[in-house]
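One structure is given here, and the rest of the page talks about it.
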Amino acid sequence: GILQQIAQQPARVQRVARQVPPPDVRAGLGLDEHEEVVEIIRTWTQAGKPAILERVYVPGVEVADVAYAAAEDRTLYEQIERQRGVRITRAESVLRACVLTTDIAEQLQVMGDATGFQVERRTYAGDTLVELRYTYIASARYDFQVTLSRSQLLPASV
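The numbering of the sequence shown is the numbering used here, which starts it at 5 and goes up by one.
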């Protein structure tokens, strides 16, 4: 679909900085109150307007080590593996409908109480969480379609 096409383009990196993350991110990553992460904020555009906003939080690395890799997932994951000495083994994603915060709505250039979708992605090396990512899409611009097919491997019901 259109979002997949957009996401295949390189992202526009808005910010790469070391900081103490917000409380929900800190809790999600299991960090202590003053532990810092590298935050990457990036966007993808469609027809000159922001279509996707993403906030990526990576503990245990330095800004200089990931700044040049921030625009592409593959390169970013290679840097995380190299810097932390781990191998990324899996990622889990959850799609949620949400009301966009004022900050996110402004960055996506939508007005009012805009609704959207949030994809929360947790990336692991074994059982260790190495990245927490939030992707936001304004729902007024896009529809999501899911097709579920019955597997040919399932036995027929009686």
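Yeah, the Cβ is synthetic: ideal placement off N, Cα and C, and Gly gets one too. Treat the numbers as computed from the prediction; the structure is a model and nothing was measured.
Using only the alpha-carbon positions, how far apart do residue i and residue j sit?
i: E58; j: C102; result: 15 Å
i: G64; j: I56; result: 26 Å
i: R100; j: Y140; result: 10 Å
i: V70; j: G116; result: 35 Å
i: P27; j: D107; result: 17 Å
i: G32; j: A74; result: 21 Å
i: Q113; j: Q122; result: 16 Å
i: Q50; j: R16; result: 12 Å
i: I44; j: R22; result: 9 Å
Does the Cβ-Cβ distance between residue i and residue j come in under 9 Å?
i: R94; j: E85; result: no
i: V60; j: E135; result: yes
i: Q83; j: W48; result: no
i: Y128; j: E76; result: no
Who are residue i's beta bridge partners in DSSP?
i: A118; result: In the DSSP output, where bridge partners are listed per residue, A118 has none listed.
i: V123; result: L99 and T139
i: T132; result: A129
Comparing the C-beta of residue i with each C-beta of chain C, is any distance below 9 Å?
i: P14; result: The chain labelled as chain C is not found in the depicted structure, where only one protein chain is given.
What residue ranges within the segment 6 to 49 form continuous alpha helix (DSSP H) runs of no fewer than 4 residues, ordered along the chain? 6 to 11 and 27 to 33
>> My parser needs the beta strand (DSSP E) runs of 3 or more residues fully inside the segment 37 to 110; what are they?
In response: 41 to 50, 53 to 63 and 94 to 103
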